[in-house]
Amino acid sequence: MSKMIDRREFVKGSLITSTALMTTAGAGIIAPSNIHASAPDLIIARGNDPSKNTRAAVDALGGISRFVKPGAKVAIKPNMSFARGPNQASNTNPHVVAEVARMCHEAGASKISVLDYVLHSPEDCMRLSKIPEACRSIPNTVVNTVQISRLFREVEVPNGEQFKSMRAISDVLDADVMISTPVGKSHGSAGVSLSMKGMMGWIYDRGSFHSRYNLHDAVVDMVSVLKPHLVVIDGTRILTTGGPSGPGKVMKLDLVIASTDMVAADAQMVSLGTWYGRKFKPNQVRHIRKAAERGLGRMDLDKLNIREIKV
Amino acid sequence: MRSQRIFQTITLSGFIGLLLLAGTLTPDAGLVDFYLRLDPIIGLGTVLASWDLAPALWPSLVVVLITLAIGRVFCGHVCPMGTTLDIFDAVVKREKKNRSKTNAAEANQNKRNWKHYFFVIIVVAGLLGVSLVHLGSPLSWATRIWGLLLYPLALSGLDTSIIWVGEMFRAMGDSSVLYIQPPQRVFSTGLFIFAFFTASFILVMVAPRYWCRNLCPAGALLAWCSKRPILRRQVSDECVNCGQCVAQCPTSAITEDPSNTLNQECIVCLKCKDICPVSAISFSRVQGSSRIPDQDIMPGRRALLYSFATGVVSAGVISNDIHRPKGLPGGTVLRSGNLIRPPGSRTERDFLKLCVRCGACMKACPTNTLQPIWFKAGLEGIFSPVLLPRLGPCAVNCNECGKVCPTGAIRHLPIHEKQSVKMGSAWIVRQNCLVWEQDRKCLVCDEVCPYNALSFQPVKGLKNSAPFVIENRCTGCGWCENKCPVLGDAAIRVNIMGEVRLNEGSYVEKAQQLGLVFKAKDNRHDKLGEETFEGVSRRHKDNKTPGKEEKSKQDLPEGFIVE
C-alpha cells in the first residue's frame, strides 16, 4: 500500500515539474494564488446540451490534458447508486460522465474506470442510469459497480480526525488521476451530496460514517485522501428534495460546473441551487465548511476567479 | 454413451437448472419445485401427515403409475439423488474381481429390507401426524445437497477462480475480470448435509447405489409398485450364462441364474441389456409364462411389526417433545422467540407437517436470511427454515420462498399479500442501544425501516431522541436488526411477538381486521427493495414536535447549519 502512495506521489511530482506553468491551486501543493492568470478557479458553463457544457467547462479550465497525461490511468466517480433514470436526478447525467471519459481518452488515457459502490441492485443501476450505455463506445473505458470487499484495500488517512485509515477501491488508489462527476442533489443527512460526499461510493465501510463517526467530519477525513484532481458537477437538473435516493423535486438548471477545487465546486453548486425549498450559503453546509477550515479547498466564492460561459 | 447416461445427464441438468432459477425473481418460477413434486415419498408422506390433498403433489402420482407400467425408471433415469450417487460411483475405483456371486440378488437380500422398514416408519408416523419425510425423501436430500452444499461451494470456488484469473489479467493491465462479483451464500447446519453427503459417498464404495437399494423409502414405495410391471427384463434362450449382468447390476436385482430378475429392485438402467455379449436381454412385455424368482423377498411380518412400532414410538416421542406446538395444559405453547418463520408459513403445526426441509426456500432467498435450524423447534423442526435477520433482512418486494415451496408449507402469496404478513415484531434492547445506553445520535433503524415502524421521541434524561417501535406498523422483516450498527447482537431484534399465520384467506384483510398498517415506502424502485440506510431521505416523520418553527428546522437534514 505504501508503495502505491509513493507511485502516485511520484506521478504527481513529475506532473508538477513538467507542467509547472499550468499547475495551480488545484494540486494543493503550490500556494493557491493564481500563477497563471488565464486559468480560472472555477467554470460555470450554461447551455442545454450537457455534453457540450461539460466539454466547454473543462476546456475553459485549461483542458483535460492539464490533468490527464498520455498513458495515465483515470478513475471517474459518477453517481449511479440508484435504480433510477437520468431525469430523476439521483444519478449523474450519462452524457456528462461520458463526455469526461471521452476527453480523457482523447488526452491519451490508457485506462478509464468509471466506478461506484452502488446501493440498489447493480444490474438495475447499470441499466437505468444509462451510464454504461453512454460510455460503451469510448475506448479504454469500463463502467463497473463494486460491492465485494476484495476490490477494496486499506489506505492511510494521515490527517484524519475521526479515523486514521479506511478501505477504498484498489483501482482508484492505483489511478493517476481522480475525477469526480457528481450530480447536484440533496441528502437527508449531509444536506447536499456533491463531489465530497459522493466519494463515499469509493470506500467500503461507509456504514460506520453514520454510526460510529460524525458523518460530516468523516466525509472531510475521507476526501483528505480521495481528493479529486478535477471536479465536474452535473447541474443539468438537480434533486432539490428527497436525496440521495429520490424520488424528489427535480429542478432544471442547465449548467455544468468544473473546478480543480472540490470545495469550491461544491460551494458553487450549493449557492446556485435551491435545497429543500430554500437557499443556503456554502458555509451553512457542515462538511463544506469543515473542508474549507481544514484547508482542503476554498468556499469564499466572492474571492475566487470564476468564469461563466454560455455554450 | 449409454442411453441411461444421456437421459440422466438431461434430467440432472434440468434439476440443477431449475434450482439455479430459484431466487432469481423470474416472473413465473412455478417449475422450480417440479422435481420435488415428483418424489412419491414427499407426495404420500405429506398427504398422510397433513391430511391435505395438496394438488401440487399430483406429479408423484404419475410417477407411481409409470412405475406400475414400466418399473422403477424414475430411480434409474430421473431421480437426481440416484444420478448423484452414479457420479460418485464413476469416481470410486472398484477391484476387478468376479462379482457374479457376491452381487447376485440372493447375497444382498437382508439389507434391502431396511428401506421398507424406513418406509413403514415414515408412513406410520405420518398417520400419527408427524412428518418424517425429510429424513428419507431422496428429492429433499438432493435439493439440500445441490442447493445448500454444492451451490455455495461453487460460488466461493467461482470467486476464488475470479481472483486468480483476475489477478493475472490485472498484471496485464486489465482488471475487468476482477469486477465479476458473484453472490455468496452461507448456510448453517452444514454438518447435517455434509455428513449425509459423505456417508452416501462412502456407502457407494461398499456397493453402487447403496442408498437406493437399501435405504431409500421412495425406492421402497416404488418397489411395491414394480413387482410385476408390464415391461420388464426378459432373458432369451441365447443366454450363455456368463454372469456378467449379475456381476454388474447396480442394484443386485439379478439372481445367480441370470434369467431371473427381482423386478422390484430393478431400476431399468438397461446396463445388463447393453453389456450382454449375446444380446439375450430385452425389456419387453412378458412372453408366455414368466419366471418369477422364489426369492421374491419382501420384508417379513415380524420386521414390519417392529417398524410399525418404531413409527409409533418416534411419532410419540416427537409429539411429546417440549417444543411441540400442540399446546400444554393451560394453552401454553413453548416456542423460541426468534423462531421467525418465512412470510406466508402456515400455522406452526401444519407448517411442520407440510415442510419437507428440502431447503429450496433457503436456496431461493436472495438475502440469505432463510436458514435451517437444528433443534430450536424441537425434534420435529430439525432443518426447517427460519429468518435470521442479523444475516439478512426479508426483502420487501420478494416472495420467492413461497414460490418455490413444493408442498405449500409456505404459501405462494402475491407480493401485495406478502407485504401484509406480520412475521413478528421488532423490540429494542435498550442496554445495547447507542441512544438509550450512551445517549449518542443514531437513527439507523428508523432510516432502514421499509414500513415507517419506528418513532424517535424525546426522553427525559437523554439529549437525543430515542427509538420506539410502533408495533402495528412492524412486519418483522428485520431490516432494523440487520443494519443496527452495534457489533454482535443487535440493539433492535425481531421476535415472534404478534406473528400472523393464516392457512387460508387474505393477509391484507386480516391485517385490516387487526388494525395493522403496513405501508411499504414507495421510494423502493429496485427489484428487491434493498436499500442500505444511505438510501433513505425521510427524517423521523413520527416525531411529535411541539412548535411549528421547530418542525421546519427538524425537517432539514442535520448537515445544514441554520441560525
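Chains A and B are the protein sequences, given in the same order.
If you count the first sequence from 1, you need to add 86 to reach this note's numbering.
If you count the second sequence from 1, you need to add 3 to reach this note's numbering.
All C-beta atoms, glycine included, are put in the ideal place defined by N, C-alpha and C.
So with Cβ pairs under 8 angstroms, would you call residue 370 of chain A a contact of chain B?
yes
Using DSSP bridges, identify the partner residues of residue 287 of chain B.
B:235
Can you check whether the CB of residue 271 of chain A is closer than 8 angstroms to the CB of residue 199 of chain A?
no
Specify, as a first and last residue, the run of the beta strand (DSSP E) that residue 230 of chain A falls within.
227 to 231
Between residue 563 of chain B and residue 290 of chain A, what straight-line distance do the alpha-carbon atoms span, to the nearest angstrom?
25 angstroms
Within chain A, partners of residue 178 of chain B - CB distance below 7 angstroms
257
Would you say residue 510 of chain B reaches chain A, if we count a Cβ-Cβ gap shorter than 8 angstroms as a contact?
no
Is there at least one Cβ from chain A nearer than 8 angstroms to residue 206 of chain B's Cβ?
no
What is the DSSP secondary structure of residue 434 of chain B, reduced to helix, strand or coil?
helix
Spatial neighbours of residue 489 of chain B within its chain, please: C-beta separation below 8 angstroms, excluding the five flanking residues on both sides.
435, 436 and 437
Residue range of the alpha helix (DSSP H) that residue 47 of chain B falls in?
43 to 53
CB residue 243 of chain B to CB residue 262 of chain B, shorter than 8 angstroms?
no
State yes or no: is the beta carbon of residue 165 of chain A nearer than 8 angstroms to at least one beta carbon in chain B?
no
Anticipated Cβ contact below 8 angstroms, residue 496 of chain B with residue 484 of chain B, distance rounded:
5 angstroms
Residues in the same chain with beta-carbon distance under 8 angstroms from residue 243 of chain A, minus the five sequence neighbours each way, listed in chain order, please.
249, 250, 251, 252, 307, 308, 310 and 311
Residues of its chain near residue 560 of chain B, where Cβ-Cβ distance is below 6 angstroms and the 5 sequence neighbours each way are ignored
none
Chain A contact for residue 184 of chain B (CB, 8 angstroms cutoff):
yes
Please report the residue range of the alpha helix (DSSP H) in which residue 215 of chain A lies.
208 to 215
Contacting residues, own chain, Cβ-Cβ under 7 angstroms from residue 26 of chain B (five flanking each side not counted):
366, 367, 368, 369 and 403
Using three-state DSSP, classify residue 554 of chain B as helix, strand or coil.
With a pLDDT of only 36 at residue 554 of chain B, under the threshold of 50, the placement of this residue in the model should not be trusted, and no figure is reported.
With distances taken Cα to Cα, identify the nearest neighbour of residue 81 of chain B among B:429, B:222 and B:288.
B:222
Nearest to residue 282 of chain A by alpha carbon, out of A:318, A:348 and A:247?
A:348
Output needed in chain order: residues of the segment 350 to 363 of chain A with a Cβ under 9 angstroms from some Cβ in chain B.
361 and 362
Can the beta-carbon of residue 332 of chain A be found closer than 8 angstroms to that of residue 213 of chain A?
no
DSSP state of residue 264 of chain A mapped onto helix, strand, coil:
strand
The alpha helix (DSSP H) enclosing residue 320 of chain A, as first and last residue numbers:
First-last for residue 320 of chain A: 316 to 325, but that is the beta strand (DSSP E), not the alpha helix (DSSP H).
Using 8 angstroms as the limit for Cβ to Cβ distance, is residue 484 of chain B near chain A?
no
Counting only C-beta atoms, is residue 529 of chain B closer than 8 angstroms to chain A at any point?
Because the pLDDT at residue 529 of chain B is just 36, under 50, the model does not fix this residue reliably, and the value given afterwards should be weighed accordingly. Residue 529 of chain B counts as touching chain A.
Indicate whether at least one CB of chain A lies closer than 8 angstroms to the CB of residue 17 of chain B.
no
Can you give me the C-alpha to C-alpha distance between residue 84 of chain B and residue 93 of chain B, rounded to a whole angstrom?
14 angstroms
Of the choices A:246, A:389 and A:220, whose alpha-carbon is the least far from that of residue 299 of chain A?
A:246
Alpha-carbon spacing of residue 205 of chain A relative to residue 165 of chain A, whole angstroms
11 angstroms
Excluding the 5 residues preceding and the 5 following residue 310 of chain B in the sequence, name in chain order all residues of the same chain whose CB lies nearer than 6 angstroms to its CB.
120, 123 and 124
Within-8 angstroms CB hit, residue 298 of chain A to chain B
yes
Give me the Cα-Cα distance between residue 307 of chain B and residue 47 of chain B, rounded to the nearest whole angstrom.
18 angstroms
Can you tell me whether residue 264 of chain B is buried or exposed, with buried defined as 16 or more other CB within 10 angstroms of its CB?
buried
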